[in-house]
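Numbering (the working numbering), first residue to last: 12 to 186.
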């Protein structure tokens, strides 16, 4: 009796063996594409009007749950929160945001290059329409010198508003 002979394997049987490892190259490619998409779209999601706030060392921050912010840009554009508005629609928008709480403080952010008269005109319009709790937002100045680049905006109380703490402004909103 002879030994059983082995059958020859064909040449194609040995070429395609199953691979038990995960190929991470497509995963890395997809993640890099998603990273680039998020890096491009993240700056577009920032809300608000960008202004350069003036410096003030004596400004005391005030406490407010949800501030009502009116912004006067250097071109004279007025914004209520993140939405640009007209001077005529400003009062109605603020009164809607205030609701029943007439003691809420309205923060005014004026760009350092904005015309002073335009900021005062907005304050006067608020005061003549019964909105007397007004605060002007500034960058806080450190004790050693001018404000650092990451300084947060603070509101100086006006019209007898009590001083307290203001929540930090969004990153990039104040330079």
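Heads up, the beta-carbon is just placed ideally off N, CA and C, and yes, glycines get one too. It should be emphasised that the depicted structure is a prediction, and the values quoted were computed from it without experimental measurement.
Which stretch, first to last residue, makes up the alpha helix (DSSP H) that contains residue 124? Translated into the one-based positions of the chain shown, residue 124 becomes position 113. Per DSSP, residue 124 belongs to no alpha helix (DSSP H) and is neither H nor E.
Taking the CB atoms as reference points, tell me whether residue 109 and residue 79 lie closer together than 9 angstroms. Numbered from its first residue, the chain shown carries residue 109 at position 98. Numbered from its first residue, the chain shown carries residue 79 at position 68. Contact: yes.
Using 9 angstroms as the threshold, is the C-beta distance between residue 117 and residue 145 below it? Counting from 1 along the chain shown, the entry for residue 117 is found at position 106. Counting from 1 along the chain shown, the entry for residue 145 is found at position 134. Contact flag set, yes.
Would you report the Cα separation of residue 92 and residue 101, rounded to the nearest angstrom? Looking up residue 92 in the chain shown gives position 81. Looking up residue 101 in the chain shown gives position 90. In a straight line, the C-alpha of residue 92 is about 11 angstroms away from that of residue 101.
Where residue 159 sits in the DSSP three-state scheme: As a working mapping, residue 159 is identified with position 148 in the chain shown. Model confidence at residue 159 stands at a pLDDT of 42, short of 50, so the residue's coordinates are unreliable; what they give is reported in the following sentence. Here residue 159 sits in coil by DSSP.
Would you check if the distance between the CB atom of residue 135 and the CB atom of residue 84 is smaller than 9 angstroms? Here residue 135 is taken as the residue at index 124 of the chain shown, counted from 1. Here residue 84 is taken as the residue at index 73 of the chain shown, counted from 1. Not a contact, by the Cβ cut-off of 9 angstroms.
Exposed or buried, what is residue 34 when buried is set at 16 or more other beta-carbons lying within 10 Å of its beta-carbon? To locate residue 34, count along the chain shown from 1; it is residue 23. It is exposed - the Cβ of residue 34 has fewer than 16 other Cβ atoms within 10 Å.
Hey, quick one: how far does the alpha helix (DSSP H) through residue 107 stretch, first residue to last? Residue mapping note: residue 107 aligns to position 96 of the chain shown, counting from 1. From DSSP, the alpha helix (DSSP H) with residue 107 extends over 98-109.
Shortest alpha-carbon distance to residue 104 belongs to which of 81, 114, 86, 120? As a first step, residue 104 must be located in the chain shown, where it is residue number 93. Comparing Cα positions, the closest option is 81.
From the DSSP output, which residues share a beta bridge with residue 66? Sequence index remark: in the chain shown, residue 66 carries index 55 (1-based). DSSP lists 150 as partners of residue 66.
Assigned exposure category for residue 150 - 16 Cβ within 10 Å defines buried: Position 139 of the chain shown, counting from 1, holds the residue named residue 150. Buried, by the Cβ-count rule.
Specify, as a first and last residue, the run of the alpha helix (DSSP H) that residue 38 falls within. Position 27 of the chain shown, counting from 1, holds the residue named residue 38. Residue 38 -> alpha helix (DSSP H) spans 36-52.
Beta-carbon proximity of residue 60 to residue 115, cut-off 9 angstroms: Counting from 1 along the chain shown, the entry for residue 60 is found at position 49. Counting from 1 along the chain shown, the entry for residue 115 is found at position 104. No.
What number of angstroms, rounded off, separates the C-alpha of residue 137 from the C-alpha of residue 94? Taking the chain shown and counting its residues from 1, one reaches residue 137 at position 126. Taking the chain shown and counting its residues from 1, one reaches residue 94 at position 83. When rounded, the distance between both Cα atoms is 18 angstroms.
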